[in-house]
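The structure appears below as structure tokens.
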Amino acid sequence: MARRRFELTEEDKKRKITKENLGEALEIFRFVLPYKWHFIAAMILLVLSSSVFLIFPDAAGEIANIANGKAKWGLTLNQMGLLLIALLAGQSLISFIRLILFTKVSEAGMADLRKHLYARLISLPVPFYDEHRVGELTSRITNDVSLLQSTFSITLAQFMRQGVIFLGGIVIIFIKAPKLAGLMLLTIPLVMIVAVIFGRFIRDIAKKRQDELAKSNVIVDESLQSINVVKSFTNEWWELLRYGGSVDSVVNISMKLAIWRGMFIVFIIAIMFGSIFFILWWGALLVADGEMPVGDLFSFILYTVFIGGAIASFGGVYEQILTALGATERIREILRKPNELEVGEKETPLKEHFKGEIAFNQVVFSYPTRQDMLILNGIDLEIKPGQKIALVGASGAGKSTIAQLMLRFYKPDSGSITIDGKNVQEIDLLQYRRNLAVVPQEVLLFGGTIQENIAYGKANASEEELIQAAKQANAWDFVNSFPEGLNTVVGERGIKLSGGQRQRIAIARAILRDPTVLILDEATSSLDAESEKVVQDALDKLMEGRTSIIIAHRLATIRNVDCIYVLENGQIVEKGTHDELIQVENGVYGALAKLQFELE
Ligand SMILES: Nc1ncnc2c1ncn2[C@@H]1O[C@H](COP(=O)(O)OP(=O)(O)O)[C@@H](O)[C@H]1O
Ligand SMILES: [Mg+2]
48 MARRRFELTE EDKKRKITKE NLGEALEIFR FVLPYKWHFI AAMILLVLSS SVFLIFPDAA
108 GEIANIANGK AKWGLTLNQM GLLLIALLAG QSLISFIRLI LFTKVSEAGM ADLRKHLYAR
168 LISLPVPFYD EHRVGELTSR ITNDVSLLQS TFSITLAQFM RQGVIFLGGI VIIFIKAPKL
228 AGLMLLTIPL VMIVAVIFGR FIRDIAKKRQ DELAKSNVIV DESLQSINVV KSFTNEWWEL
288 LRYGGSVDSV VNISMKLAIW RGMFIVFIIA IMFGSIFFIL WWGALLVADG EMPVGDLFSF
348 ILYTVFIGGA IASFGGVYEQ ILTALGATER IREILRKPNE LEVGEKETPL KEHFKGEIAF
408 NQVVFSYPTR QDMLILNGID LEIKPGQKIA LVGASGAGKS TIAQLMLRFY KPDSGSITID
468 GKNVQEIDLL QYRRNLAVVP QEVLLFGGTI QENIAYGKAN ASEEELIQAA KQANAWDFVN
528 SFPEGLNTVV GERGIKLSGG QRQRIAIARA ILRDPTVLIL DEATSSLDAE SEKVVQDALD
588 KLMEGRTSII IAHRLATIRN VDCIYVLENG QIVEKGTHDE LIQVENGVYG ALAKLQFELE
């Protein structure tokens with residue numbers, strides 16, 4: 048969802064600026080604190096350059112006065128020219144330095160915020176990701192932070208500059224021409240405020256028109272993309288009707304927009320220029336009476352235009368603050384969430400290998416997002432160190448859920464999971480997961496080289512270790528057959544590996560990891576018979592001496608495990624070895640086995 052900069056959403060419009068949310072928003076700016084001296088210097092330069100800017104109308108008026116023979120500053124025209132050049136040069140230099148300083152503060156500060164936010168995101172527990180779409184989360188780290196950044200660098204600077212011009216301008220005109228200034232202050236701000244409100248209203252209608260136009264484009268898109276469906280149902284007439292209706296309503300909105308725009312133009316011409324001319328007329332009377340030099344009137348008008356511009360910009364500032372508040376709220380929502388671990392800067396070393404004795408004791412579980420659906424209803428498992436067990440059952444029975452609980456992605460609602468007699472919840476999470484490895488059904492490789500993908504199991508592995516692991520995983524032959532070997536790029540921009548090849552990369556990863564407990568979640572289910580054989584062979588080597596939980600679809604692969612658990616409706620309905628289970632009369636496993644082995 049790409050959001051345009053500073054476009055007010057419905058939520059933003061309802062938002063009020065309160066002491067609380069402003070305070071919270073300001074807290075985000077602690078990321079700018081390390082650069083506070085840059086910031087203060089930039090602010091001083093900003094005030095300075097805005098003040099210099101305020102000299103220009105006066106100088107322009109003075110030039111007119113000199114030409115009229117009524118010089119006040121005692122300078123010649125040429126000297127005035129030199130003075131203006133000096134001012135301009137100073138102004139440019141100040142603006143340049145200010146821009147660099149501001150960029151440093153906002154870029155570096157926001158980069159810190161982004162790193163902080165990412166560290167939090169990546170250490171949030173899995174249930175958080177069940178509740179949020181990834182696209183929405185990436186938008187927070189990209190769009191929302193960018194929005195804050197431009198509020199900080201552009202809006203804040205603009206606000207300061209316009210504020211100085213507004214206040215300074217008013218003070219100057221009151222000193223120079225109090226009567227005229229009083230008259231101006233009675234008219235111009237009012238007119239500007241009306242103009243700002245008017246403008247906002249027109250923008251809303253323009254946005255509605257844009258939306259309606261987008262809607263009609265969707266109709267064209269959809270109907271042309273599914274042209275076969277349209278034609279087979281002979282619904283061309285219906286699509287035309289839909290499209291026609293939408294296009295017509297664009298016309299209606301456009302007409303409404305035109306009327307308001309027209310009125311706005313009338314307003315500008317009649318009221319705004321009218322009041323400027325009115326002040327001009329009044330001023331001209333003063334000039335005619337000799338109360339005011341003509342150059343002063345000239346600079347007065349320039350100041351008035353500046354002040355008007357400043358007032359107009361304040362309306363935009365308010366809207367930008369509202370959108371920025373929305374962005375900070377969304378960012379802070381993530382920063383406030385408790386993370387499951389603290390991310391360090393190094394790979395966690397494995398402190399101690401578990402023995403690998405696992406027990407599930409009456410584990411009951413439902414997913415937090417679907418509390419009403421009981422997935423596991425009193426599961427008991429018992430695995431001795433180095434044993435292999437298998438979980439079988441229909442799709443959706445809860446096999447993968449058991450693996451997820453084992454990985455501590457979720458907590459059981461009741462009951463407990465222990466390893467070496469200790470409740471897993473009491474073990475340091477990083478150390479705990481460090482002892483586990485998973486080979487899933489679908490392996491997604493990261494964009495990068497094969498070497499990087501294998502080393503994902505152990506960041507500081509030597510090339511020797513990598514090759515050794517690839518060999519054990521039956522991956523070395525095909526990796527070596529690529530011209531680039533381990534440096535072959537895979538993923539979106541690289542070559543595509545087959546399912547069996549990816550599986551073997553995942554196994555090499557797990558070998559490097561050297562886990563105590565291994566979880567295979569249908570690791571060979573999506574492979575053809577031939578690659579299943581090589582992968583199974585690699586898996587057998589990987590499982591040697593490790594406690595293994597095998598989730599299997601094809602029973603042939605689990606014939607030799609120590610115990611098979613049959614899962615149905617969140618409960619274990621049968622358990623035993625293959626030979627024991629096929630003896631069970633009317634057994635679930637027996638029926639399954641019969642079906643599968645007959646088919647072969
Ligand atoms: N993240 C999740 N959030 C909510 N429900 C889930 C989630 N993952 C799985 N489920 C549900 O839990 C049930 C068991 O799923 P799963 O353990 O994946 O089954 P299996 O691996 O045995 O096919 C299914 O009904 C599934 O829809
Ligand atoms: Mg599954």
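Using our numbering, the first residue of the sequence shown is number 48, and each one after it goes up by one. The C-beta atom is built at its ideal place from N, Cα and C for all residues, glycine as well. These numbers come from a predicted model, not from an experiment.
Ranking ILE497, ASP343 and LYS262 by CA distance to the CA of GLY532 puts ILE497 first. For TYR612, the pairing in a beta bridge is given by DSSP as LEU438 and LYS622. Segment contact: the stretch 97-114 against the stretch 207-221, three or more CB-CB distances shorter than 8 Å; contact assigned. Residue environment analysis places ILE598 among the buried positions, since at least 16 neighbouring C-beta atoms fall within 10 angstroms of its C-beta. Remark: the shortest separation between the CB of GLN583 and any heavy atom of ligand 1 does not fall under 8 Å. Contact check between the stretch 103-111 and the stretch 338-349: three or more CB pairs, one atom from each, fall below 8 Å, which counts as touching. GLY546 is positioned such that its CB atom lies no closer than 9 Å to that of VAL581.
Closer than 8 Å to some heavy atom of ligand 2: that describes the Cβ of ASP568.
Distances from the CB of SER573 to the heavy atoms of ligand 2 are all 8 Å or more. Apart from the 5 residues on each side of it in sequence, ILE436 sits with its Cβ closer than 8 Å to the Cβ of LEU428, ILE430, SER595, ILE596, ILE597, VAL608, ASP609, CYS610, ILE611 and TYR612 in its chain, given in chain order. Three or more beta-carbon pairs drawn from the stretch 304-324 and the stretch 230-248 are found closer than 8 Å, and the two stretches are therefore classed as touching. The three-state secondary structure of GLU531, taken from DSSP, is coil. DSSP, reduced to helix, strand and coil, places PHE456 outside both helices and strands of the structure shown, so it counts as coil.
Here DSSP, grouped into helix, strand and coil, assigns ASN408 to strand.
Here ALA444 is not near GLU569, since their CB atoms are 9 Å or more apart. Counting C-beta pairs closer than 8 Å gives three or more between the stretch 153-161 and the stretch 66-82, which meets the contact rule.
With a cutoff of 9 Å on beta-carbon distance, SER301 and ARG256 are scored as near each other. Under the rule that a run must span 3 or more residues, the beta strand (DSSP E) segments found entirely inside the stretch 481-530 read 483-486. Between the stretch 223-236 and the stretch 273-286 there are fewer than three inter-stretch CB-CB distances shorter than 8 Å, so the stretches are not counted as touching.
Rounded to whole angstroms, PHE401 and GLU512 show a C-alpha spacing of 22 Å.
Contact between GLU539 and GLY495 does not hold, since the beta-carbon distance rounds to 10 Å and is not under 8 Å.
Here LEU567 is near LEU586, since their CB atoms are less than 9 Å apart.
ILE605 has its Cβ no nearer than 8 Å to any heavy atom of ligand 2. Non-local C-beta neighbours of ARG145 in its own chain, meaning closer than 6 Å and more than five positions away in sequence, comprise ALA89, LEU92 and LEU93, ordered along the chain.
Taking the Cα of GLY440 as reference, the smallest distance to any Cα among GLY330, ALA228 and GLY637 is reached at GLY637. Taking 9 Å as the cut-off, the Cβ atoms of VAL486 and LEU565 count as close. Under the DSSP assignment, VAL564 falls in the beta strand (DSSP E) whose first and last residues are 564-568. The C-beta of LEU332 has fewer than 16 other C-beta atoms within 10 Å across all chains shown, which makes the residue exposed. Here DSSP, grouped into helix, strand and coil, assigns GLY425 to strand. The Cβ atoms of VAL410 and SER447 do not sit closer than 9 Å to each other. Annotated three-state conformation of ASN607 is coil, per DSSP. The beta carbon of ALA204 is closer than 7 Å to those of LEU93 and PHE149 in its chain, skipping five residues each way along the sequence. In chain order, ALA228 place their CB closer than 7 Å to the CB of PHE221, counting only its own chain and leaving out the 5 sequence neighbours on each side.
The alpha-carbon of VAL267 is positioned some 11 Å away from that of VAL294. Excluding residues up to 5 positions away in sequence, THR416 lie with their Cβ nearer than 6 Å to the Cβ of ASP177 in the same chain. In terms of CA proximity to LEU423, ASN408 leads the group GLY433, PRO432, ASP191 and ASN408.
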